[in-house]
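Presented below is the structure to which this report refers.
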Amino acid sequence: VITLAIETSCDETSVSILENGRWVLSNIIASQIEQHQKFGGVVPEVASRKHIEVINQVIQQALQESKLDFSDVNHVAVTYGPGLVGALLVGVAAAKAIAFARGIPLNGVNHIEGHIYANFIEDKDLEPPFITLVVSGGHSHLVHVKDYGIYEVLGRTRDDAAGEAFDKIARALGLNYPGGPEIDRLAKVGDKYAIEFPKAYLEEGSYDFSFSGLKSAVLNYINSQKMKGNDIIAEDVAASFQRAVVEILAEKTIKCGIDKGVQTICLAGGVAANSSLRNHLKDLCSQHGIAFKYPSLKLCTDNAAMIGCVGYYDYIKGLRSPLSLNAVPSLKLGEGL
Ligand code: ATP
Ligand code: MG
Ligand code: FE
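The opening position of the sequence shown corresponds to residue 36 in my numbering, with each subsequent residue numbered one higher.
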């Protein structure tokens with residue numbers, strides 16, 4: 036099966052060509068980050084317009100790099116939620132047009148499921164069941180992947196997503212959008228024990244997360260230092276904040292893996308690119324004899340290959356989306372069509 040996959044849920048226009056879901060022939064990512072940087076975040080109207088401008092070009096590029104053409108493609112996959120409605124609609128419209136014109140099957144894909152499936156592309160031998168920590172710009176979930184397409188969400192954030200916290204703290208420190216990679220970079224040269232920020236573990240046994248208290252504490256610290264006329268050591272703030280986030284995420288994840296008795300834990304989503312989170316979980320997993328996997332950097336953040344992988348597994352299960360497929364901005368994991 037040759038899948039053409041499209042991802043336009045936020046600020047990346049991406050198209051990938053895959054063979055049998057796990058083998059990536061091309062994965063083109065046109066990032067709009069520069070367009071949004073001057074606003075300090077993604078502007079939805081700008082995102083939609085940019086997707087429209089580049090989508091056809093990105094499709095052509097993906098085909099070219101895969102050395103295939105439209106007649107070789109026999110399946111289309113596209114993100115239909117969650118995400119920005121105007122942005123999603125660009126990808127959905129393009130995917131439906133291709134499926135209709137070529138008379139080939141279409142699968143609408145959940146973006147968060149895509150982040151999880153990046154692990155199947157990274158490791159061709161990986162099979163469910165496993166526990167995944169999905170940490171991205173808009174989501175923080177602990178998910179038990181019981182089989183392909185069968186999920187139990189065991190924990191979720193009650194307020195901010197992990198990536199959102201990284202982005203907001205970065206902004207307060209005067210760093211560029213997106214803030215995660217910037218904090219990661221600064222933290223490497225900062226003292227992670229310089230400041231003790233509060234960590235919310237919530238009720239005993241809960242796998243939920245809460246980052247708003249931590250975020251407020253860091254913002255208060257920055258403001259109070261400014262008011263006192265003190266210099267802020269951004270490296271130390273970044274490292275101390277990152278330590279708090281990473282410790283909460285890693286400790287809850289390993290506990291979840293042990294409680295559920297799984298042999299494998301995977302990381303997924305943009306924050307899975309964080310070097311400290313990877314290292315910390317790697318250590319914890321090896322201490323407990325649990326295998327630990329994470330996607331390469333390019334597969335952590337938004338890309339169409341991960342969407343194609345989900346679409347392929349849905350397709351071989353016999354699932355199909357109708358040509359009336361619409362964008363669903365607040366689509367939840369495990370709430371398919
Ligand atoms: P969602 O997937 O929830 O819809 P999104 O698609 O916008 O949101 P992703 O592209 O998955 O989010 O991830 C982007 C997020 O990952 C941003 O918040 C960014 O700051 C964060 N991020 C990227 N690299 C790193 C890093 N090295 N350390 C921490 N965070 C990072
Ligand atoms: Mg993005
Ligand atoms: Fe994402």
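In this text, a Cβ means the ideal position worked out from N, Cα and C, and glycines have one as well.
Keep in mind that this is a model prediction, so the values were computed, not measured.
Candidates the options: closest to residue i by CA position
i	options	result
I63	K85, G225 and L98	L98
R313	E370, Y183 and I289	I289
N361	L189, S259 and A122	A122
E187	G126, P163 and G264	P163
S245	D194, N309 and D219	D194
D158	R57, A303, S359 and N309	R57
S311	I218, V253 and S321	I218
H315	E370, G304 and F327	F327
F105	V120, I139 and Y115	I139
P117	G173, E69, Q70 and Q95	G173
G240	E286, L368, F165 and L358	E286
I90	K73, G76 and L39	L39
N145	S359, K352 and C344	C344
G75	L208, E370 and E231	L208
K227	S51, F276 and N338	F276
L366	Q72, L119 and Q67	L119
S171	E100, P213, A128 and L319	P213
L60	I68, S66, Q67 and S51	S51
E42	G149, Y329 and Q96	G149
A307	Y329, D318 and C291	Y329
V125	D46, L368 and G296	D46
I293	F165, A82, P233 and P79	F165
R278	N309, S49 and P79	N309
Beta bridge counterpart(s) of residue i as assigned by DSSP
i	result
L366	None; L366 has no bridge partner.
E47	S66
K328	C301
G184	In the DSSP output, where bridge partners are listed per residue, G184 has none listed.
S106	S106 is not bridged to any residue.
S61	I52
S175	V170
G214	None; G214 has no bridge partner.
T114	V144
Closer than 8 Å: residue i CB and nearest ligand 4 heavy atom
i	result
D294	Absence of ligand 4 is noted for the structure shown, with ligand 1, ligand 2 and ligand 3 being the only ligands found.
Reduced DSSP category for residue i - H, G, I as helix; E, B as strand; rest coil
i	result
D160	coil
L53	strand
Y348	helix
F244	strand
T336	coil
R355	coil
N145	strand
V93	helix
H323	coil
V81	helix
G264	coil
E231	coil
I37	strand
F74	coil
Y236	coil
L316	helix
G190	strand
Touch check for the stretch 196-206 and the stretch 331-348: three-plus C-beta pairs under 8 Å? No, the stretch 196-206 does not touch the stretch 331-348.
Please write down, chain order preserved, every residue whose beta carbon lies under 5 Å from a heavy atom of ligand 3. Chain-ordered list of matching residues: S171 and D337.
Counting pairs of Cβ atoms below 8 Å between the stretch 270-278 and the stretch 222-240, do you hit three or more? Touching, yes, given that three or more Cβ pairs across the two stretches are closer than 8 Å.
State whether the stretch 106-116 contacts the stretch 129-138, with contact taken as three or more CB pairs (one from each stretch) at a distance under 8 Å. The stretch 106-116 vs the stretch 129-138: in contact.
Give a yes or no on contact between the stretch 291-306 and the stretch 253-260, applying the rule of three or more CB pairs nearer than 8 Å. Per the Cβ contact rule, the stretch 291-306 is not in contact with the stretch 253-260 (fewer than 3 Cβ pairs under 8 Å).
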